[in-house]
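Worksheet: the structure to be examined is printed underneath.
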Amino acid sequence: MAIRDGTFGIKVPSAATASTLTFRQFAEVWMARRGYQLVRAKENDYRLAKLCSFMLEAPPILMGDKEACAVTPGDIEAFRHSRRSAGLSAVTVNHDLKLLRKMFAWGVRERLLPATPFKVGTETAIRLDPETPRERRFRGDDDETRLLNAANSHLRGLIIAMLDTCCRPGELLSLQWEDVDLAARQFTVRAHKAKTRRDRRLPISARLNAILEMRKLDPAGDPLGPKAFVFGNAIGEQVRSVRTAWSNACRRAGLHDLHLADLRHEAASRFEEAGVPTTYVSKFLGHQNLTTTTRYLNTTLKGLHRAIDQLESSRNPILLQVPCKNRRARPATNHALEGVDKTRKSLPS
């Protein structure tokens, strides 16, 4: 049980000693008992290192050496100001604050801490910075083609997989052949590899199937084993990051401010624009509620034009009538209907 909970070999502090934990010690306990379960555990390590090494003023002390129960809203605001002064975006700083908020809330639930600095009584003491919405879609018709042409073969396959499945990069990079059924044209994202900690079974598109058929073989032409990673290296060893390959491909393709995770938004929005019900799109994304899914859907102007075309096509011509004052409405003439057709054809596709 202790091994499964991540507490094997970790001395869990008693109630008497919990109140004297430094923030660094509290962070270690949190990572051992809760943080290791999160998908972004390595990113959390980096953020916690930044927090622990931050020098507080009056009196000067490293945040990591201060007692966790003594951390104040002012300490967190000082850390926020330091990060923003370093030129970091509101999104990045909010990730720091969300991590801290999550940790302190857990500490209170586990009775390791008496309170969280994020609240004073029932009032919220620290709020997240407002984030400026960023375009998360391809901007041009040929952006995908240029990106695929600029990517190496490994990244190209990963891009296609993301666009056709809505999967997260980490879910695909950790996918193993034992969870792929090419005959049934489907694969399974296992719960321990998914952010939502639930299994997700997804279909395989025709172009993704062609990619997988090629990736199934090692350099000698033999099939890779069930434990080999689908988007690993040539012999099936896991590739943990494609950050450099992605940056190089975007630079060569002339694409700016496009993140790898944005492909999930692109994929979900394409499904929506193709008429796939939002409930199905939510299943592809692995979301537990539709509210989260709607934040992923970024409809383009072309999508809006297609929507109005669908609306126009669904209307009964008898409803296209010319209103006449003090007279019975009469059906639109053929000339009027031809005008509607011409207007519809002039809209961008």
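Residue numbering for the sequence shown is 747 to 1095, as defined by the working numbering. By construction, the Cβ of each residue, glycine as well, lies at the ideal position given by its N, Cα and C atoms.
{"query": "Is R826 closer than 7 angstroms to C798 when the C-beta atoms are compared?", "result": "no"}
{"query": "Tell me, please, whether the stretch 870-884 touches the stretch 838-855 by the rule of three or more beta-carbon pairs shorter than 8 angstroms.", "result": "yes"}
{"query": "Could you tell me which residues DSSP pairs with D910 in its beta bridges?", "result": "According to DSSP, which records beta bridges pairwise, D910 is partnered with nothing at all."}
{"query": "Hey, could you find the ends of the beta strand (DSSP E) Q688 is sitting in?", "result": "Outside the modelled stretch of the chain, which goes from 747 to 1095, sits residue 688, for which no answer is possible."}
{"query": "To the nearest angstrom, how far is the alpha carbon of R931 from that of D888?", "result": "28 angstroms"}
{"query": "Out of H1033, L1031 and D1008, which has the shortest C-alpha to C-alpha gap to R882?", "result": "D1008"}
{"query": "For the stretch 943-961 and the stretch 900-911, state whether three or more C-beta atom pairs, one from each stretch, are separated by less than 8 angstroms.", "result": "yes"}
{"query": "With DSSP run on the structure shown, which of helix, strand or coil describes F975?", "result": "strand"}
{"query": "Skipping 5 residues on each side, what residues in its chain have a beta carbon closer than 8 angstroms to that of A991?", "result": "A897, N898, H900 and L901"}
{"query": "Going by beta carbon distance, what residues of the same chain come within less than 8 angstroms of E813, once the five residues before and after it are set aside?", "result": "S765, T766, L767, T768 and F769"}
{"query": "Please report the distance separating the alpha-carbon of R892 from that of G982.", "result": "27 angstroms"}
{"query": "So, are the CB atoms of N688 and V985 less than 7 angstroms apart?", "result": "This structure gives no information on residue 688, because the portion of the chain shown stretches from 747 to 1095."}
{"query": "With burial defined as no fewer than 16 other Cβ atoms inside 10 Å of the residue's Cβ, what is the status of T870: buried or exposed?", "result": "exposed"}
{"query": "Can you tell me whether Q922 is buried or exposed? The criterion is at least 16 other CB atoms within 10 Å of its CB, across all chains shown.", "result": "buried"}
{"query": "Ignoring anything shorter than 3 residues, give me the beta strand (DSSP E) runs that lie fully in the stretch 799-850, in order along the chain.", "result": "none"}
{"query": "Counting along the chain, where does the alpha helix (DSSP H) carrying T990 start and finish?", "result": "R989 to A999"}
{"query": "What is the residue span of the beta strand (DSSP E) that P949 lies within?", "result": "R946 to P949"}
{"query": "If we call anything under 7 angstroms between Cβ atoms a contact, is L977 one with L1031?", "result": "What sits at residue 977 in the sequence shown is Phe, not Leu. Contact: no."}
{"query": "Between the beta-carbon of G903 and the beta-carbon of I822, is there less than 7 angstroms?", "result": "no"}
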